[in-house]
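Structure first, then comments.
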Amino acid sequence: MYGALNHQKINIFQDIPVNPVMMSLQFNIFTLNCWGLFAVSKNRKVRMQAIAEYLAINQYDVVCLQEVWIDRDFFLIKDRVSGVLPYSHYFYSGVSGSGVCIFSKHPIEEAFFHQWSLNGYIHKLHHGDWFGGKGVGLCRLVVNSFVINIYSTHLHAEYDRNSDEYEAHRILQAYDTAQFILLTSQNADLVVLAGDLNTEPGDLAYRVILTIPGLLDAFEADKVQSDHIATYQNQRNSYTPANVINDQLPGQRIDYIMFHPGSKLRVDLKKYRLPLPERVPGQSYSYSDHEGLAVTLEISEKSAEPVCRDPKEGKTVLKDMVTVLDRALDSLGTHQVIYLSFAFILCVGLVLSLAFEPPAGFFILINIIRAVIVVLLTYCFVMATIWNRIERHAVLAGKLAIETSLRKKCFS
Numbered sequence: 001m002y003g004a005l006n007h008q009k010i011n012i013f014q015d016i017p018v019n020p021v022m023m024s025l026q027f028n029i030f031t032l033n034c035w036g037l038f039a040v041s042k043n044r045k046v047r048m049q050a051i052a053e054y055l056a057i058n059q060y061d062v063v064c065l066q067e068v069w070i071d072r073d074f075f076l077i078k079d080r081v082s083g084v085l086p087y088s089h090y091f092y093s094g095v096s097g098s099g100v101c102i103f104s105k106h107p108i109e110e111a112f113f114h115q116w117s118l119n120g121y122i123h124k125l126h127h128g129d130w131f132g133g134k135g136v137g138l139c140r141l142v143v144n145s146f147v148i149n150i151y152s153t154h155l156h157a158e159y160d161r162n163s164d165e166y167e168a169h170r171i172l173q174a175y176d177t178a179q180f181i182l183l184t185s186q187n188a189d190l191v192v193l194a195g196d197l198n199t200e201p202g203d204l205a206y207r208v209i210l211t212i213p214g215l216l217d218a219f220e221a222d223k224v225q226s227d228h229i230a231t232y233q234n235q236r237n238s239y240t241p242a243n244v245i246n247d248q249l250p251g252q253r254i255d256y257i258m259f260h261p262g263s264k265l266r267v268d269l270k271k272y273r274l275p276l277p278e279r280v281p282g283q284s285y286s287y288s289d290h291e292g293l294a295v296t297l298e299i300s301e302k303s304a305e306p307v308c309r310d311p312k313e314g315k316t317v318l319k320d321m322v323t324v325l326d327r328a329l330d331s332l333g334t335h336q337v338i339y340l341s342f343a344f345i346l347c348v349g350l351v352l353s354l355a356f357e358p359p360a361g362f363f364i365l366i367n368i369i370r371a372v373i374v375v376l377l378t379y380c381f382v383m384a385t386i387w388n389r390i391e392r393h394a395v396l397a398g399k400l401a402i403e404t405s406l407r408k409k410c411f412s
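Counting in full-length UniProt numbering, the sequence shown runs from 1 upward without gaps.
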């Protein structure tokens, strides 16, 4: 089969039929982090049903959801919205699935998922990002002759802004996402990225995603919006912590819809809004701990030259990334020394415990201690060798790719 495809040199993206006459089109996009963790997320079943009901009675062209971790929740939504969003794709990945899925009013021509090489740590069970096998999903649509690439993603959570141990992971995920969009959108008339980026405006990961593929943040493109809009820890959200509400903290804008037109089209932002009601109908809680976000774009034909991004801005972003990655490599060297030191101490302790017979009555306790030492010794050894090597190679791969990009003159 593969040989036949190679022999015929079929390009699935270039063989999409395009009508010679292009019309104006309004395109509605919705995105939401559904907070769908099993046994952890509060009121999950009722909220998922409510999300499905909301989508079924609204007219969106594309819906991008994140944190739909459980298969039955995806199929519940899929079944309920089938009348208005008959096409869907779930991006399976990792242990628990990526949590990312896309629903569409229009046929999905192609779908692909790019999993990131750095996805957090397997031993951070209380964070759990590694188990999702996170990445960026792509669905390609053809709508009234317009080729539209829809990307949806969910970057690694920050957890602690003052001491962010995942900074290098997240900016490399942002870079991978930006490069993936850049390299797969050459024939697209419109590019849309929607999802929970876990980064705030001005952060390095945010700047990377905007700059490299030349995306526009819909919020910034909206001439009507002027005030800060929080999509997480919003004052109106029932799941926002009490201290945030009492202190009147502004919350975070970490969920986005970004877009970029092809060189032949004009794309205008018509509306930017948080469309979900404050509470699930008949309940005292919100649809999710995040706010939903909706954008209306108007697409029309135009004649224009390709836009070249400011090389100075692009290079500044990439140089900032190299600085962060250099720090990450230094940190990995320090972590390796620490893990090896602990492994040596544990090894000495294990040898000493085996060299002496345990006192009477302490045999079981000593064996339990020995078993714990063996487990910790194995953990430290793996973290100092195999895991450290994997993470180091992923950081180096990203750094080398960035250095290649730095040699470009045009960031478009």
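For every residue, glycine included, the Cβ atom is placed at its ideal position computed from N, Cα and C. All figures in this text were calculated on a predicted structure; none of them were measured in a lab.
Check                                                                                                         : Outcome
Start-end ranges of the alpha helix (DSSP H) lying completely within the region 88 to 168, minimum 4 residues : none
Ile366 in three-state terms, based on DSSP                                                                    : helix
Residues sharing a beta bridge with His260, DSSP                                                              : Val191
Assumed close pair Leu325, Ala168 - CB separation to whole angstroms, cut-off 8 Å                             : 6 Å
Closest by C-alpha distance to Gln268, when choosing among Lys78, Ile77, Phe219                               : Per the sequence shown, residue 268 should be read as Asp rather than Gln. If we check each option's Cα against that of Asp268, Phe219 comes out closest.
Coil, strand or helix - Asn388 by DSSP                                                                        : helix
Burial state of Glu291, where buried means 16 or more other Cβ atoms lie within 10 Å                          : buried
Of the listed residues Ser24, Gly36, Lys42, Thr385, nearest to Gln283 (C-alpha basis)                         : Lys42
Minimum C-alpha distance to Glu67 - residue among Val295, Gln233, Lys134, Val84                               : Lys134
Contact under 8 Å by Cβ, Asn58 with Thr296                                                                    : no
Residue(s) in a DSSP beta bridge with Ile212                                                                  : Ile212 is not bridged to any residue.
Reduced DSSP secondary structure (H/G/I, E/B, other) of His228                                                : coil
Counted within 10 angstroms of its Cβ, other Cβ atoms place Val21 as buried (16 or more) or exposed           : Low per-residue confidence applies at Val21: pLDDT is 47, beneath 50, and the placement is therefore not dependable enough to give any value.
Buried or exposed by the 16-neighbour rule on C-beta atoms within 10 Å, applied to Val62                      : buried
Backbone CA spacing between Val136 and Leu210 [nearest angstrom]                                              : 15 Å
Three-state class that DSSP yields for Tyr272 in the structure shown                                          : strand
Exposure label - Val395; buried when at least 16 CB within 10 Å                                               : buried
Residue range of the alpha helix (DSSP H) that includes Gln235                                                : Looking at the DSSP string, Gln235 is not in any alpha helix (DSSP H), and its letter there is neither H nor E.
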